[in-house]
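Novice: This is the structure I want to talk about, given as structure tokens.
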Amino acid sequence: MKLILKSLGVLAFGLSLTNCSDKKETDAYGNPVQEKTEVATETTVDPLLAKGQELFEGKGTCTACHKPDTKVIGPAIKDIAKIYKEKGASIAAFINEEGEPIVDPSQYETMKTNFAITKAMTAEERKALEVYMMSFE
474 MKLILKSLGV LAFGLSLTNC SDKKETDAYG NPVQEKTEVA TETTVDPLLA KGQELFEGKG
534 TCTACHKPDT KVIGPAIKDI AKIYKEKGAS IAAFINEEGE PIVDPSQYET MKTNFAITKA
594 MTAEERKALE VYMMSFE
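One gets my numbering by counting positions in the sequence shown from 1 and adding 473 to each.
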């Protein structure tokens, strides 16, 4: 009889250790804990913004003179964006030689050497550069 009771005890203990997968996790108060699920969110980037960045850092060679927060040869991008926004002016028009220099006119002669590059761009590419630069304001 002792052998049967011991066997049943061991069997009951073994069964209690297994098959716990159906149990729900609870907090310290016995409330069920919900499983955390991650929801993927898709961020959409304005295609003109992405194109503008590509041009600014690539064939536009703008990074040679302009940095986001620091004046190098030309003014910082954030300063350009701020002034163009305040004045309601168009960067796209300026880089197509259709607008006056309004940020740092003393650097205009230096900038003029790059107009060959920017004027060869399409209107959409110049607009993309403007969208990218204005994103720094």
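Virtual Cβ for every residue (Gly too), placed ideally from N, Cα, C. Note that the coordinates shown come from a computational prediction; the quantities given were computed from them, not determined experimentally.
Count the other CB atoms, across all protein chains shown, that sit within 10 Å of the CB of Ala537; report buried if there are 16 or more and exposed otherwise.
Specialist: With fewer than 16 other Cβ atoms within 10 Å, it is exposed.
Novice: Compute the distance between the beta-carbons of Ile575 and Lys560, then report whether it is under 7 Å.
Specialist: Closer than 7 Å, so yes.
Novice: Measure the C-alpha to C-alpha separation of Ile568 and Ala589 and round it to an integer number of angstroms.
Specialist: Cα-Cα distance, rounded: 9 Å.
Novice: With DSSP as the reference, label Lys540 as helix, strand or coil.
Specialist: Of the three classes helix, strand and coil, the one that applies to Lys540 here is coil, per DSSP.
Novice: Using the Cβ count rule (16 or more neighbours within 10 Å means buried), how would you classify Gly503?
Specialist: Exposed, by the Cβ-count rule.
Novice: Per DSSP, what kind of secondary structure is Pro505 in: helix, strand or coil?
Specialist: Strand.
Novice: Give the secondary structure of Gly531 by DSSP, where H, G and I count as helix, E and B as strand, and everything else as coil.
Specialist: Coil at Gly531, not helix or strand.
Novice: Would you kindly check if the distance between the Cβ of Tyr581 and the Cβ of Gln526 is under 7 Å?
Specialist: No; because the gap between Cβ atoms is not below 7 Å, this pair is not in contact.
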